[in-house]
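Numbering (our numbering), first residue to last: 26 to 688. By construction, the Cβ of each residue, glycine as well, lies at the ideal position given by its N, Cα and C atoms. The structure appears below as structure tokens.
Have a look at this one:
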């Protein structure tokens with residue numbers, strides 16, 4: 026088997042993207058996402074292998090990003106789940122935090138708990154922060170097991186993050202008594218905050234049977250075709266074995282977006298403070314931040330209005346994609362998204378029966394896409410259907426024809442995505458003008474320059490494989506495993522030996538999960554806060570030293586919030602460990618020249634209120650070292666790049682486009 030043949034497959038809401046690297050060649054494919062997903066994955070693999078001229082059984086590495094967990098949580102399509110908790114705490118999921126997702130919206134509704142009241146069970150046991158106060162009765166657990174009728178079980182007992190003996194015993198008995206997976210909170214999230222720990226454990230139980238079934242079908246199909254067992258992207262931006270993911274499915278909640286950020290991080294320009302990653306697909310847009318090659322991560326994420334507190338790449342998602350539907354609200358305003366036409370029937374211009382106007386239909390009427398453009402190398406566009414859909418929208422909105430409606434749709438979608446970029450930059454104290462934008466996804470490069478103009482950003486980079494960059498990112502992702510444990514103490518009085526002992530335990534835990542412990546690098550982090558605060562900041566640890574950690578926290582607090590309190594005591598809250606086995610991005614260097622004339626024709630395209638006769642360029646024929654002024658439209662197999670009149674483009678040795686504006 027040739028170890029140089031590597032395969033990455035990312036499932037999106039509309040398309041499934043495939044990248045196959047064989048020797049020095051990179052082959053891509055984009056096929057419609059299917060239900061069930063594994064059928065589209067295997068179809069995409071077959072297409073890429075056929076194009077590359079390789080047999081599936083020659084593939085040595087197969088990596089995969091999936092939306093199964095995200096879809097299950099957002100669509101409430103997970104397994105029927107039961108919750109076992111401490112006596113008196115059965116309603117913790119319903120009570121939550123008593124905060125409001127929208128402060129001034131009197132009609133806002135919280136999502137229902139994933140476990141209804143009738144499937145919540147309580148046990149007479151008790152642990153405190155000091156230890157086990159009342160042991161669990163094994164017979165009571167066995168009796169309770171006889172009452173449980175569910176496809177999955179979550180166990181979250183009070184203070185199990187600190188003293189898990191009772192919870193460990195309950196999980197052990199239930200696993201022996203029930204034919205259902207059991208998620209225990211001390212294994213899923215060994216950290217304090219009762220509601221968040223319970224909600225995350227319930228989410229893991231809720232999605233584990235769904236992911237287990239999906240990966241089971243995919244592994245079987247891959248094996249039948251001679252492919253290796255896929256390894257799966259986790260939300261933290263790292264790869265894990267399929268078996269590990271099937272046991273802890275919640276770790277893949279943001280699998281696909283994480284892969285895209287990993288891929289984009291390899292294209293950060295040297296002359297910027299960092300890069301805003303902008304991934305616009307068919308259903309949504311994902312935005313994140315990378316600086317100095319370091320990806321921003323968080324443990325404070327919500328999915329579908331429910332907390333999921335596992336480590337994740339810090340991604341902001343908005344329901345604005347190529348398939349987002351334009352509509353008129355009750356006040357007569359033009360809106361775009363979050364409802365999407367998806368892959369079936371898709372935008373009106375797909376010619377599959379869709380009649381709703383979408384962002385892709387607007388791009389076609391504005392000339393950014395052409396009737397001869399093919400999406401995913403197979404899907405041709407129906408301009409008449411797009412015009413009909415936007416004509417109906419124009420009538421509803423009182424606009425002067427379908428092109429005016431298309432301009433409005435494009436501007437509203439861009440305004441939505443601009444706000445999202447500001448939320449990860451300006452709203453967190455970073456000036457977006459100091460960053461570049463890395464645009465990818467099927468639609469991202471079509472909108473990136475317009476967003477940059479709105480933000481005052483002068484540089485946009487578009488990787489050669491931008492249309493399938495999440496799939497390429499899978500091939501560059503490190504293997505990564507995380508462990509966490511709450512350890513609350515005032516920093517000035519903590520025993521360094523106790524901290525070192527916990528860090529040693531965490532190190533042992535993450536190394537045990539890696540496939541190559543001898544090649545792993547382990548890093549440590551502490552969540553700290555000022556005494557009296559309710560939120561923490563993560564600070565890196567090398568060799569634990571109280572004064573060094575305090576100084577780092579003070580600096581981190583000032584950077585995040587604009588001030589520090591040097592006279593206020595610092596509290597250590599949580600310790601974390603991460604084991605990483607590094608993998609490199611495939612070499613994408615290509616020949617310095619191209620033989621063909623890159624211009625394939627011209628297209629009448631709208632920029633603002635003006636129309637321009639715009640050159641259409643074939644990305645594959647653009648030679649490295651090329652410099653051109655806009656306007657231009659660059660077409661690749663999986664994405665289209667729009668270069669406005671005031672912008673220029675250049676091509677580097679990897680085929681990456683660099684767009685420069687006057688901002």
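query = Taking just the CA atoms, how far does residue 541 sit from residue 477?
reply = Each residue's alpha carbon lies about 42 angstroms from the other.
ask   = First and last residue of the beta strand (DSSP E) that includes residue 54?
value = Going by DSSP, residue 54 is part of the beta strand (DSSP E) stretching over 50-57.
request  = Compute the Euclidean distance between the alpha carbons of residue 684 and residue 320, then round it to the nearest angstrom.
outcome  = A direct Cα-Cα distance of roughly 23 angstroms separates residue 684 from residue 320.
ask   = Counting only runs that start and end within the segment 60-103, where is the alpha helix (DSSP H) found for 4 or more residues in a row?
value = Fully enclosed alpha helix (DSSP H) runs of 4 or longer: 62-77, 93-99.
task = Can you grab the Cα-Cα spacing for the pair residue 613 / residue 605, in whole Å?
result = Rounded to whole angstroms, the gap between the alpha carbons of residue 613 and residue 605 is 24 angstroms.
key: Touch test, the segment 558-577 against the segment 631-643, Cβ-Cβ under 8 angstroms, three pairs minimum   = Touching, no.
request  = Report the rounded CA-to-CA distance for residue 226 versus residue 501, giving the unit in angstroms.
outcome  = Roughly 30 angstroms separates the two Cα atoms.
task = Report yes if the C-beta distance between residue 90 and residue 280 is below 7 angstroms; otherwise report no.
result = Yes, Cβ-Cβ distance for residue 90 and residue 280 is below 7 angstroms.
ask   = For residue 170 versus residue 203, is the C-beta distance shorter than 7 angstroms?
value = The beta carbons of residue 170 and residue 203 sit closer together than 7 angstroms.
ask   = What runs of the alpha helix (DSSP H), each 4 residues or longer, lie entirely inside the segment 348-420?
value = Within the segment 348-420, complete alpha helix (DSSP H) segments of at least 4 residues are found at 384-390, given in chain order.
message = I need the boundaries of the beta strand (DSSP E) containing residue 336, first residue and last residue.
response = Segment: none, residue 336 is in no beta strand (DSSP E) and carries neither H nor E.
task = Tell me whether residue 614 sits in a helix, a strand or coil according to DSSP, three-state version.
result = Coil, per DSSP.
task = Report yes if the CB atom of residue 471 is closer than 7 angstroms to the CB atom of residue 345, and no otherwise.
result = In this structure, residue 345 does not lie closer than 7 angstroms to residue 471 by Cβ.
message = Just to confirm my understanding: we take residue 26, look at its own chain, exclude 5 residues before and 5 after, and list those with CB closer than 6 angstroms. What are they?
response = Residue confidence for residue 26 is low, a pLDDT of 41 falling below 50, so the modelled location carries little weight; the figure read from the coordinates is stated next. Correct list, in chain order: 85.
query = Excluding sequence positions up to five away, which residues of its chain have a Cβ less than 8 angstroms from the Cβ of residue 329?
reply = If we look at residue 329 and ignore the five residues flanking it on each side, its Cβ neighbours are 98, 99, 101, 136.
message = Within 10 Å of its beta-carbon, does residue 128 have 16 or more other beta-carbons around it, so buried, or fewer, so exposed?
response = Here residue 128 is exposed. Its C-beta has fewer than 16 other C-beta atoms within 10 Å.
request  = Decide if the segment 565-579 is in contact with the segment 529-538; the criterion is three or more beta carbon pairs, one per stretch, under 8 angstroms apart.
outcome  = Look at the beta carbons and you see the segment 565-579 not touching the segment 529-538: under three pairs across the two are nearer than 8 angstroms.
task = Leaving out five residues on either side along the sequence, give the residues of the same chain with a beta carbon under 7 angstroms from the beta carbon of residue 539.
result = Spatial neighbours of residue 539 in its own chain (CB-CB distance under 7 angstroms, excluding positions within 5 residues in sequence) are listed in chain order as 504, 506, 545, 604, 606.
key: Secondary structure, beta strand (DSSP E): runs of 3+ residues fully inside the segment 102-140   = Qualifying beta strand (DSSP E) stretches, in chain order: 106-111.
ask   = Got a sec? Which residues, its chain only, sit under 7 angstroms from residue 112 by beta carbon, not counting five neighbours each side?
value = The residues are 147, 148, 149.
ask   = Of all the alpha helix (DSSP H) runs that stay within the bounds of the segment 260-317, which reach a length of 4 or more residues?
value = Runs of the alpha helix (DSSP H) inside the segment 260-317: 267-272, 280-290.
message = Tell me the rounded alpha-carbon separation between residue 498 and residue 336.
response = Near 18 angstroms, if we compare the C-alpha coordinates of residue 336 and residue 498.
task = Helix, strand or coil for residue 432, going by three-state DSSP, please let me know.
result = Helix at residue 432.
N- and C-terminal bounds of the beta strand (DSSP E) containing residue 40 = Run containing residue 40: 40-47, per the beta strand (DSSP E) assignment.
task = Mind checking which residues open and close the alpha helix (DSSP H) that includes residue 205?
result = Unbroken run through residue 205: none, as it is neither H nor E.
query = Looking at residue 223 and residue 187, is the spacing between their C-beta atoms short of 7 angstroms?
reply = No, the pair does not count as a contact, with Cβ atoms beyond the cut-off.
ask   = Does the count of Cβ pairs from the segment 159-173 and the segment 362-377 closer than 8 angstroms reach three?
value = These segments do not touch.
task = Let me know the secondary structure DSSP gives residue 636 once reduced to three states.
result = Three-state result, residue 636: strand.
ask   = To which residues of the same chain is residue 235 closer than 8 angstroms at the C-beta, ignoring the five residues directly before and after it?
value = Excluding sequence neighbours, residue 235 sits near 93, 94, 97, 102, 103, 104, 274.
message = Bridge partners for residue 654 per DSSP, in chain order?
response = Residue pairing of residue 654 in beta bridges, as defined by DSSP: 673.
For residue 519, three-class secondary structure by DSSP = Correct three-state label for residue 519: coil.
query = Do residue 35 and residue 559 have their C-beta atoms closer together than 7 angstroms?
reply = Contact: no.
task = Pick helix, strand or coil for residue 594, following the three-state DSSP scheme.
result = If DSSP states are grouped into helix, strand and coil, residue 594 belongs with coil.
query = Using 8 angstroms as the threshold, is the segment 411-418 in touch with the segment 371-389, meaning 3 or more CB pairs across them?
reply = Counting Cβ pairs under 8 angstroms, three or more are found: they touch.
task = Would you mind reading off the limits of the beta strand (DSSP E) that contains residue 465?
result = 461-465 is the span of the beta strand (DSSP E), which, as asked, contains residue 465.
inquiry  = Is the separation between the beta-carbon of residue 213 and that of residue 195 shorter than 7 angstroms?
reply    = In this structure, residue 195 does not lie closer than 7 angstroms to residue 213 by Cβ.
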